[in-house]
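Enquirer: Here the sequence shown stands for residues 1 to 98, numbered as in the UniProt record's numbering.
The beta carbon of each residue, even a glycine, is placed where N, CA and C say it ideally should be.
One structure, as structure tokens, below. Some questions next.
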Amino acid sequence: MTICYSHTVDLVSLAVQGDVLVTAVGASRVITAEYVVPAAIVIDVGTSPTDDGGLVGDVDVTTVSERAAAVAPVPRGVGPVTTVLLLRHTVQAAGVGG
Numbered sequence: 001m002t003i004c005y006s007h008t009v010d011l012v013s014l015a016v017q018g019d020v021l022v023t024a025v026g027a028s029r030v031i032t033a034e035y036v037v038p039a040a041i042v043i044d045v046g047t048s049p050t051d052d053g054g055l056v057g058d059v060d061v062t063t064v065s066e067r068a069a070a071v072a073p074v075p076r077g078v079g080p081v082t083t084v085l086l087l088r089h090t091v092q093a094a095g096v097g098g
């Protein structure tokens, strides 16, 4: 596993070494097809607001989808799972859900 950040030198060459790419940059559509090896799994966790009040992720889904085997986009990606797990942990912390 390699962890990179916004100032990582030669980020593309590191990103293409993985079969799974998880992004959490928080910048609109910065991850393009050049960051992804063919048949990779791409999980977009980063969110940025749009001018019209919506959300967009780190991944440029249009270009990345052509190369990756699967993309979990923003919105409709990991967000629902995050919400369920947050609720579950809250209930457990309150001592209600065993």
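For Thr90, is the beta carbon positioned less than 7 Å from some heavy atom of the ligand GDP?
Expert: Among the components modelled here there is no ligand, and therefore nothing to report on the ligand GDP.
Enquirer: Could you give the distance in angstroms between the alpha-carbon of Tyr35 and the alpha-carbon of Val96?
Expert: Rounded to the nearest angstrom, the two C-alpha atoms are 44 Å apart.
Enquirer: To the nearest angstrom, how far is the alpha carbon of Pro80 from that of Thr90?
Expert: If I take the Cα positions, the gap works out to 15 Å.
Enquirer: Is the distance from the Cβ of Val78 to the Cβ of Ala72 below 8 Å?
Expert: Going by C-beta atoms, Val78 is nearer than 8 Å to Ala72.
Enquirer: Please report the distance separating the alpha-carbon of Ala15 from that of Leu21.
Expert: Looking at the two C-alpha atoms, the distance is approximately 7 Å.
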